[in-house]
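What the sequence shown shows, in my numbering, is residues 1392 to 1531, in sequence order.
Beta carbons: idealized from backbone N, C-alpha and C, even for Gly.
As the structure is a prediction and not an experimental result, all values here were calculated from the model.
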Amino acid sequence: MTVTRSLLCHMNIVLSDGSTADSTKASGKPARLNVGDGTLSPAFEAQLATLAEGDKHRFTLEAIDAFGESNPDAIHYLDRSRFPADMSLEAGVIVSFAGPGGSEIPGIVRDVAGDSITVDLNHPLAGHKITFELDVVKVL
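Here you go:
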């Protein structure tokens, strides 16, 4: 797919309870959103279609159009012996696994029961309805 336009935006990602899950303003570095390269859902891209430099736009997407639904096949039950002996494993800890081509796949420890470790490889925001607050810094 070909990028048709890119936007540099400061972005707040807000959960349905009103809490902010992430914000580019904290780092001072706007996010680059590429329209047309397949990385964004069609519903997300539709929200960007008419935005111009200086625009502020707030919109809410269902989970399927934001970070996807939570996939039960991405939850794995692993034996403690598969982790380094000195690794602290408790609910909420993020662990990395080797992915294809040397990529890293992050997983979140959801539960520890004896030697059984439940690891969730879904995106942390999968399954959540998300509100996006965008401030368009530049259209490229």
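In this structure, Asn1403 sits near Glu1524, with a CB-CB distance shorter than 8 Å. Per DSSP, the beta-bridge partners of Met1402 are Leu1525. Cβ-Cβ separation between Ala1489 and Glu1495: approximately 7 Å, consistent with a contact (criterion under 8 Å).
One thing to note: Leu1516 has its Cβ within 8 Å of the Cβ of Phe1458. In chain order, Tyr1468, Arg1501, Asp1502 place their CB closer than 6 Å to the CB of Thr1509, counting only its own chain and leaving out the 5 sequence neighbours on each side.
Residue state for Ser1487 is assigned as strand, using DSSP reduced to three classes. DSSP places Ala1434 in the uninterrupted alpha helix (DSSP H) bounded by 1433 to 1439. Within the same chain, Cβ atoms closer than 6 Å to the Cβ of Lys1416 are found at His1401, the five residues on either side in sequence being excluded.
If the five residues before and after Gly1518 are omitted, its C-beta is found closer than 7 Å to the C-beta atoms of Ala1454, Glu1460, Ser1461, all from its own chain and listed in chain order. A straight line joining the alpha-carbon of Gln1438 with that of Asp1446 spans about 12 Å. In this structure, the alpha-carbon of Arg1396 lies about 32 Å from that of Ala1465. Proximity to Val1394 across Ala1440, Ser1418, Ala1412 peaks at Ala1440, based on C-alpha coordinates.
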